[in-house]
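Participant: Using my numbering, the first residue of the sequence shown is number 2, and each one after it goes up by one.
All C-beta atoms in this analysis are idealised placements derived from N, C-alpha and C, irrespective of residue type, glycine included.
Values in this document were obtained by computation on a predicted structure and should not be read as measured data.
Just dropping this structure here.
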Amino acid sequence: MNEEPTCIPEKSKIGIYRDEEIDFETALSVVGFGRYNIYLTLVCGICLFAVNTTVYAIGYVLPAAECDLNLNTFDKGLLTAVGFVGIIFSLYIWGAIADTTGRKKVILISLIGAFICSVAAIFTASFWLFTIFLFLNGVFISGSSSALYAYLGEFHGNNRRSGAIAWCTVFMTFSLIILPVTAWITISQTFSFEILGFTFLPWRLFILFCNMPSLLAAMAVSLFPESPKYLILVGDIPKAISVLKKMYTVNSGKSKNTFPIQPFPKLKSSDSADQGSYRSAFVILRTVWHQTKPLFQRDHLKYTIVTSVLQFGAFAISSGLLLWYPDILNKLSESYKKHPNSSITVCEAITIENSQPGQNCENLTIDYTVYQQNLIIGIAYCIGCSLIGLLIHLAGKRLLLIINFLTPAICCIILTLVTSNLAVDILFVMVLVPPGLCVAVINAAVVDIFPTHFKTMAVGVCLLMGRLGSVVASSVIGYLLEISCNGTFYLYGALTLGCVCLSLLIPNRTHS
Numbered sequence: 002m003n004e005e006p007t008c009i010p011e012k013s014k015i016g017i018y019r020d021e022e023i024d025f026e027t028a029l030s031v032v033g034f035g036r037y038n039i040y041l042t043l044v045c046g047i048c049l050f051a052v053n054t055t056v057y058a059i060g061y062v063l064p065a066a067e068c069d070l071n072l073n074t075f076d077k078g079l080l081t082a083v084g085f086v087g088i089i090f091s092l093y094i095w096g097a098i099a100d101t102t103g104r105k106k107v108i109l110i111s112l113i114g115a116f117i118c119s120v121a122a123i124f125t126a127s128f129w130l131f132t133i134f135l136f137l138n139g140v141f142i143s144g145s146s147s148a149l150y151a152y153l154g155e156f157h158g159n160n161r162r163s164g165a166i167a168w169c170t171v172f173m174t175f176s177l178i179i180l181p182v183t184a185w186i187t188i189s190q191t192f193s194f195e196i197l198g199f200t201f202l203p204w205r206l207f208i209l210f211c212n213m214p215s216l217l218a219a220m221a222v223s224l225f226p227e228s229p230k231y232l233i234l235v236g237d238i239p240k241a242i243s244v245l246k247k248m249y250t251v252n253s254g255k256s257k258n259t260f261p262i263q264p265f266p267k268l269k270s271s272d273s274a275d276q277g278s279y280r281s282a283f284v285i286l287r288t289v290w291h292q293t294k295p296l297f298q299r300d301h302l303k304y305t306i307v308t309s310v311l312q313f314g315a316f317a318i319s320s321g322l323l324l325w326y327p328d329i330l331n332k333l334s335e336s337y338k339k340h341p342n343s344s345i346t347v348c349e350a351i352t353i354e355n356s357q358p359g360q361n362c363e364n365l366t367i368d369y370t371v372y373q374q375n376l377i378i379g380i381a382y383c384i385g386c387s388l389i390g391l392l393i394h395l396a397g398k399r400l401l402l403i404i405n406f407l408t409p410a411i412c413c414i415i416l417t418l419v420t421s422n423l424a425v426d427i428l429f430v431m432v433l434v435p436p437g438l439c440v441a442v443i444n445a446a447v448v449d450i451f452p453t454h455f456k457t458m459a460v461g462v463c464l465l466m467g468r469l470g471s472v473v474a475s476s477v478i479g480y481l482l483e484i485s486c487n488g489t490f491y492l493y494g495a496l497t498l499g500c501v502c503l504s505l506l507i508p509n510r511t512h513s
């Protein structure tokens, strides 16, 4: 990890750039890649871990909170979607704020705000207050997911950026392991006590545990500086040089005095941005318009549409369907118990359970094998993301997207035909995991394709469409399964097959 800086031009002696203009990529090549980049990737990974635990915790809460909050089918659908609605509501604005005031500031505010909202949520007995706090939690947590990819990417050169983002995303999969384990340990407890006029049950403690990473991530991010590329864009060259010197020292183990770029050269970004606009912008909505408009103009419209639709499809399955996975497993488990000797398909089992009356709260039971199955999903995600981190440079983004969208398209069709429990479990893993792996690849493509001065906004628009896919899927999947179970899986198969076609348009090159 203490490797010498590589790819430095032959003339890069101390002070040689004193009166010259230096491209930012050249400066990063002087800095090199080492421990500083690894530490930052770990911290950004913790942030993404916090985002995931915050968003997906509700899927484990619904069965346990059904009687406590008097939830019906509509209420469950609302709670499942409201966090994503909050994310969509604010994600676009957070992108503009990050490009205007800085990436680090947005990440810190969003993480701390999300934690405060989660604490408020667990101490309310009202369904509607609980819903409002979940919405606000989504509003805040979206800021970090919007700014984080640009923040991390701007500490890395073109040859390292995609890999850093992919490895950072591995931490999102860790949350899919920690969540079921935490739910298994916490929600399975039987304690209860009265506080503030309501009964405090284990599922409320589970929500608190799931939001603690947001506070820890905020403390970790506070130890790092603002992105050096952003500092250059706003004209703060001395501070940018200071950040680069710190990176150089940590990566190489050498003194700051040996930094080959001395003393304050005319650093420039590889993107032609109007640096003054970042300081003169005083109306956020105006900034949103100016930064969004180029995304839908001739030069970038194609990739804006392609990446947005791909992200919509990836989130619709990896988030929307995943949130209903525990409910589907419960129905399958109950149906198999009632018909142990019958060979029935997934949709036949779901149809049988949908025709049964609702569960009595006096005899409410939770099938804890759901947590075991979700643990398997989390482990599969971890393995998959690790492979993505290794293969993204070798295979390229386009090929990885094609494979990871084609796999669930095929498995969705097969899932409606098989009757074996083991086959069903394996197929669900193949349906849910690959689209989730595509999220990081698409984000890496966006960071590479679009220029710095609206890169965060491009990620924001892309994630906006992804979260919209989550909202649409989580809102309608329950009703679709009741209306036509087979049709639901056929629809998902068609969606992922369409994403395969769009993946052919993703370039493997980086933005210059």
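1) Does the Cβ-Cβ distance between A446 and I507 come in under 8 angstroms?
2) Does the Cβ of I186 have 16 or more other Cβ atoms within 10 Å, making it buried, or fewer, making it exposed?
3) With A317 and V440 assumed to form a contact (beta carbons below 8 angstroms), what rounded beta-carbon distance in angstroms separates them?
4) Grab me the residues of S193's own chain with a C-beta within less than 6 angstroms of its C-beta, minus the 5 sequence neighbours each way, in chain order.
5) At what residues does the beta strand (DSSP E) containing E195 begin and finish?
6) Taking the runs of the beta strand (DSSP E) that are 3 residues or longer, which of them lie wholly in the stretch 280-338?
7) Among I404, Y326, T102 and R205, which has the Cα closest to the Cα of V501?
8) Can the beta-carbon of C492 be found less than 8 angstroms from the beta-carbon of R399?
9) Helix or strand or just coil, what does DSSP make of P508?
10) Considering only the beta carbon of each residue, do G144 and I166 sit closer than 8 angstroms?
11) Just the Cα atoms here: how many angstroms apart are P341 and F75?
12) Cutting at 6 angstroms between CB atoms, please list the residues of its own chain near L209, excluding the five before and the five after it.
13) Is the number of C-beta pairs between the stretch 152-166 and the stretch 462-481 that are closer than 8 angstroms three or more?
14) So which of Y40, N160, F90 and T27 has the shortest CA-CA distance to L464?
15) Determine, using beta carbons only, whether I389 and V442 come nearer to each other than 8 angstroms.
16) I need the straight-line Cα distance from F490 to K338, nearest angstrom please.
17) Would you mind reading off the limits of the alpha helix (DSSP H) that contains F406?
18) Counting Cβ pairs, one atom from each stretch, are 3 or more of them under 8 angstroms apart for the stretch 42-56 and the stretch 168-177?
19) With C-beta atoms as the reference, is N138 less than 8 angstroms away from G87?
20) Within 10 angstroms of its Cβ, does T305 collect 16 or more other Cβ (buried), or is it exposed?
21) How far does the alpha helix (DSSP H) with F175 in it extend, from its first residue to its last?
22) Expressed to the nearest angstrom, what Euclidean distance is found between the alpha-carbon atoms of L498 and V310?
23) Is it buried or exposed, R162, if we count other Cβ atoms within 10 angstroms and call 16 or more buried?
24) How many angstroms separate the CA atom of C412 from the CA atom of Y61?
25) Considering T200, what are the terminal residues of the beta strand (DSSP E) in which it resides?
26) For R299, does the count of other Cβ atoms within 10 angstroms reach 16, so buried, or fall short, so exposed?
27) At 4 residues or longer, what runs of the alpha helix (DSSP H) sit wholly inside the stretch 85-141?
28) In the DSSP assignment, find the alpha helix (DSSP H) that holds P64 and state where it starts and stops.
29) So for D24, helix, strand or coil by DSSP?
30) Assuming L333 and V347 make a contact with CB atoms under 8 angstroms, what is their CB distance in whole Å?
31) With DSSP as the reference, label P226 as helix, strand or coil.
32) Tell me whether M213 is buried or exposed, calling it buried when 16 or more other Cβ atoms sit within 10 Å of its Cβ.
33) If you count every other CB in all the chains shown that lies within 10 Å of the CB of M458, and 16 or more means buried, which is it?
34) What's the gap between the Cα of F136 and the Cα of V222?
35) Rounded to whole angstroms, what is the Cα-Cα separation between D24 and N258?
36) Could you give the DSSP three-state label for E155: helix, strand or coil?
Facilitator: On the basis of the supplied data:
1) At a Cβ-Cβ threshold of 8 angstroms, A446 and I507 count as neighbours.
2) Classification of I186: exposed, given that the 10 Å Cβ count is below 16.
3) About 11 angstroms; that fails the 8 angstroms criterion.
4) Taking C-beta separations shorter than 6 angstroms and ignoring five residues to either side along the sequence, the partners of S193 in its chain run T200 and L202, following chain order.
5) Boundaries of the beta strand (DSSP E) harbouring E195: F194 to I196, taken from the DSSP string.
6) Fully enclosed beta strand (DSSP E) runs of 3 or longer: not present.
7) Distances from the CA of V501 to each of I404, Y326, T102 and R205 were compared; the closest alpha carbon is that of I404.
8) Per the sequence shown, residue 492 should be read as Leu rather than Cys. Not in contact: L492 and R399 (Cβ atoms no closer than 8 angstroms).
9) Here P508 sits in coil by DSSP.
10) No, the pair does not count as a contact, with Cβ atoms beyond the cut-off.
11) A straight line joining the alpha-carbon of P341 with that of F75 spans about 31 angstroms.
12) Excluding residues up to 5 positions away in sequence, I123 lie with their Cβ nearer than 6 angstroms to the Cβ of L209 in the same chain.
13) Proximity of the stretch 152-166 to the stretch 462-481 falls short of the contact definition, fewer than three beta-carbon pairs being nearer than 8 angstroms.
14) Looking from the CA of L464, the closest CA among Y40, N160, F90 and T27 belongs to F90.
15) Judged by beta-carbon spacing, V442 lies within the 8 angstroms limit of I389, meaning their Cβ atoms are closer than that value.
16) In this structure, the straight-line span from the alpha carbon of F490 to that of K338 is close to 24 angstroms.
17) Here the alpha helix (DSSP H) through F406 covers K398 to L416.
18) Flag = yes, the stretch 42-56 and the stretch 168-177 touch.
19) In contact: N138 and G87 (Cβ atoms closer than 8 angstroms).
20) With 16 or more Cβ atoms within 10 Å of its Cβ, T305 is classed as buried.
21) Run containing F175: N159 to T187, per the alpha helix (DSSP H) assignment.
22) Using only the alpha carbons, I get a separation of about 12 angstroms.
23) Here R162 is buried. Its C-beta has 16 or more other C-beta atoms within 10 Å.
24) The alpha-carbon atoms of C412 and Y61 are separated by roughly 25 angstroms.
25) Unbroken beta strand (DSSP E) run through T200: F199 to F201.
26) By the Cβ neighbour-count rule, R299 is exposed, with fewer than 16 other Cβ atoms within 10 Å of its own.
27) Fully enclosed alpha helix (DSSP H) runs of 4 or longer: 104-123.
28) R36 to A66 is the span of the alpha helix (DSSP H), which, as asked, contains P64.
29) D24 sits in a strand when the DSSP states are folded into three classes.
30) Contact between L333 and V347 is confirmed by a C-beta separation of about 7 angstroms, below the 8 angstroms threshold.
31) Note: P226 maps to coil in three-state DSSP.
32) Label assigned to M213: exposed.
33) Buried.
34) Annotation: F136 to V222 spans about 24 angstroms, alpha carbon to alpha carbon.
35) About 21 angstroms.
36) If DSSP states are grouped into helix, strand and coil, E155 belongs with coil.
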